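Trainee: Each residue of the sequence shown is one higher than the last, beginning at 63 in our numbering. Even for Gly, the Cβ is constructed at its ideal location relative to N, Cα and C. Remember, predicted model here, so these are calculated numbers, not experimental data. Sharing a structure here in structure tokens format.
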Amino acid sequence: MKRVVYIQRADGQSTKHCRDGPEHNGRSTPAWVLSQMFPEATSSVKALVLKKPGEASVEMVPNPVAAPGELLLRVRMVGFCGSDLNSFCGRNPLVTFPRIPGHEVSATVIEGDSSLPAGTDVALSPYTNCGQCASCRRGRSNACQFNQTLGVQRDGALAEFVAMPREKLYPAKLTRKELCLVEPLTVGFHAVARGRIKADDTVAILGCGGVGLGAVAGSNARGARTICVDMDDEKLAVARAAGGSDAISTAKESLHDRLQELTEGRGPDVVIEAIGTPQTFRAAVEEVAFTGRVVYIGYAKEPVSYETRLFVQKELDILGSRNALPEDFRAVIHLLERKQFPVDQAVSLVVPFEEAANALRSWSENPASFKKIMVAVD
Ligand SMILES: [Zn+2]
Ligand SMILES: [Zn+2]
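Structural data, given as structure tokens:
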């Protein structure tokens, strides 16, 4: 069937074009489709661009073009996390400017394939894997030595359209907010997998921010007794709603005394550290039970000194955890599909695209006052 489209040229004149195709018509054909059909047309998409530390604005950037093996997506909603805040503030040495942020993404396939047709809602994995390094060869692509995360080492997804490799997309029947929560929750789920957590374990999660919350939900999903630890009562309340069985407020209580009380003096079988301070790095090793497991997800910003005797004396498994594997994505999607996560409690603010820069600014001025901010792109 012949379709007709009108393209606004750079000189301001409209020209009429035809193409054969079942999907597009002149009125709703998105800009990137036009640019592919008619490369002579000038077109671009809106994106949030971090210009320099502390400065961001919505700008027009070139259309994404899908490389072989990639699909084009319309971005629906993007969540911000602490790493976006660090990028905005210029605190992440891996980020150069200008940079488009965004790695917690809800999107819809625009131009799909037989297994992922147009109209499918997806979450996505924002990591790359080289296939050659030691991690990739061991099947642990989440820890690829040469990983490039969306919005960190390369431009992210806070734009109207993006192109992504097919294998990084996870279709799911979830709301936009839920899709945006998939990636941040996978990081905690991966830590739970690293800690080999099982139903008869007692687990302490140090830090109930975005990452810790995923660990709480993941630990609970495996049936473990899950003790949530934080200074902030509001975060503890969300963590309880996400499956935490007990809560310890370190602003009011002694971590050691309470953990001893809750574990009959043995300490937790697994401690997951999701903060990244020297104190909590040390506390994990000090509080964990003999022959327990310690999992570190928090990124320490300074060197940490240890009583290393405890590593040996307790015969500990001390594990790092980074990003997430495809099975972690599937596990989180399964949890969200069963509606077993307090989505609305975990998200404190949804702002329109035009407010994204202001939201980052407010958050940077008042880091404690927001849990999760999401940007409604479409
Ligand atoms: Zn994140
Ligand atoms: Zn690799």
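Should ALA283 and LEU397 be called a contact, given that it needs their Cβ atoms to be closer than 8 Å?
Mentor: Position 221 of the sequence shown, counted from the start, is the residue given in the question as residue 283. Position 335 of the sequence shown, counted from the start, is the residue given in the question as residue 397. Cβ distance < 8 Å, so ALA283 and LEU397 count as in contact.
Trainee: Let me have the residue list for ligand 1: C-beta closer than 6 Å to any non-hydrogen atom, ordered along the chain.
Mentor: This criterion selects CYS143, SER145, HIS165, GLU166 and PRO246.
Trainee: Tell me the DSSP secondary structure of CYS151 in three-state form.
Mentor: Position 89 of the sequence shown, counting from 1, holds the residue named residue 151. For CYS151, the three-state secondary structure derived from DSSP is helix.
Trainee: Between which residues of its own chain and SER168 is the CB-CB distance below 6 Å, once the five residues before and five after are set aside?
Mentor: Residue 168 sits at position 106 when you count from the first residue of the sequence shown. Hits under 6 Å: ARG138, MET139, ARG238, LEU241 and CYS242.
Trainee: Verify whether the separation of the beta carbon atoms of ALA129 and ALA225 is less than 8 Å.
Mentor: Reading the sequence shown from its first residue, position 67 is the one you call residue 129. Reading the sequence shown from its first residue, position 163 is the one you call residue 225. A contact, by the Cβ cut-off of 8 Å.
Trainee: Just tell me which of PHE352, PRO365 and CYS198 has its CA closest to the CA of LEU387.
Mentor: Position 325 of the sequence shown holds residue 387. Nearest option by C-alpha distance: CYS198.
Trainee: Please determine, among ARG136, ALA277 and PHE150, the residue with the shortest C-alpha to C-alpha distance to TRP425.
Mentor: Stepping through the sequence shown from its first residue, residue 425 is reached at position 363. Among ARG136, ALA277 and PHE150, the Cα nearest to that of TRP425 belongs to PHE150.
Trainee: Does any heavy atom of ligand 2 sit closer than 7 Å to the C-beta of PHE251?
Mentor: Here the question's residue 251 lines up with position 189 in the sequence shown. Checking every heavy atom of ligand 2 against the Cβ of PHE251, none is found closer than 7 Å.
Trainee: So what's LYS114 in DSSP terms, helix, strand or just coil?
Mentor: Within the sequence shown, residue 114 is the residue found at index 52, counting from 1. In the structure shown, LYS114 sits in a strand (DSSP, three-state: E or B).
Trainee: Let's test the definition: count the other Cβ atoms within 10 Å of the Cβ of ASP406 and tell me whether it reaches 16, buried, or not, exposed.
Mentor: Within the sequence shown, residue 406 is the residue found at index 344, counting from 1. By the neighbour-count rule (16 or more Cβ atoms within 10 Å), ASP406 is not buried but exposed.
Trainee: Taking only the alpha-carbon atoms, compute the straight-line gap between TYR189 and GLU222 and give it to the nearest angstrom.
Mentor: Residue mapping note: residue 189 aligns to position 127 of the sequence shown, counting from 1. Residue mapping note: residue 222 aligns to position 160 of the sequence shown, counting from 1. If you draw a straight line from the Cα of TYR189 to the Cα of GLU222, it is about 20 Å long.
Trainee: From which residue to which residue does the beta strand (DSSP E) around GLU399 run?
Mentor: What you label residue 399 is simply residue 337 of the sequence shown in a count that begins at 1. Where GLU399 is concerned, there is no enclosing beta strand (DSSP E), although the alpha helix (DSSP H) it sits in stretches over 388-399.
Trainee: Contact check, VAL332 vs VAL366 under 8 Å by CB: the rounded distance?
Mentor: For this step, residue 332 is matched to residue 270 along the sequence shown. For this step, residue 366 is matched to residue 304 along the sequence shown. The beta-carbon separation of VAL332 and VAL366, rounded to 19 Å, does not stay under the 8 Å limit for a contact.
Trainee: Can you tell me whether GLY382 sits near ligand 2, meaning its C-beta is under 7 Å from at least one heavy atom of the ligand?
Mentor: Translated into the one-based positions of the sequence shown, residue 382 becomes position 320. Placement of the Cβ of GLY382 at a distance of 7 Å or more from every heavy atom of ligand 2 is found.
Trainee: Out of PRO163, GLY276 and VAL157, state which residue places its alpha-carbon closest to the alpha-carbon of PHE142.
Mentor: Position 80 of the sequence shown holds residue 142. Nearest C-alpha to PHE142: PRO163.
Trainee: I need the DSSP call for LEU324, collapsed to helix, strand or coil.
Mentor: If you number the sequence shown from 1, residue 324 lands on position 262. Helix, per DSSP.
Trainee: I'd like to know whether the C-beta atoms of ALA313 and LEU268 end up nearer to each other than 8 Å.
Mentor: As a first step, residue 313 is located in the sequence shown; it is residue number 251 there, counting from the start. As a first step, residue 268 is located in the sequence shown; it is residue number 206 there, counting from the start. Against a cut-off of 8 Å, the Cβ pair of LEU268 and ALA313 comes out as no contact.
Trainee: Identify the residues that DSSP records as bridge partners of ARG161: which are they?
Mentor: By one-based count along the sequence shown, residue 161 stands at place 99. ARG161 pairs with LEU112.
Trainee: Distance, Cα to Cα, LEU317 vs THR288?
Mentor: In the sequence shown, counting from the first residue as 1, residue 317 sits at position 255. In the sequence shown, counting from the first residue as 1, residue 288 sits at position 226. Approximately 14 Å, taken between the alpha carbons.
Trainee: Less than 7 Å between the CB of CYS206 and some heavy atom of ligand 2, yes or no?
Mentor: As a first step, residue 206 must be located in the sequence shown, where it is residue number 144. Under cutoff, so the answer is yes.
Trainee: Strictly by DSSP, which residues pair up with ASP379?
Mentor: The residue labelled residue 379 in the question sits at position 317 within the sequence shown. Paired residues: ARG355.
Trainee: Quick one: does the C-beta of ASN385 sit closer than 7 Å to a heavy atom of ligand 2?
Mentor: One-based indexing of the sequence shown puts residue 385 at position 323. Incorrect: ASN385 has no Cβ contact closer than 7 Å to ligand 2.
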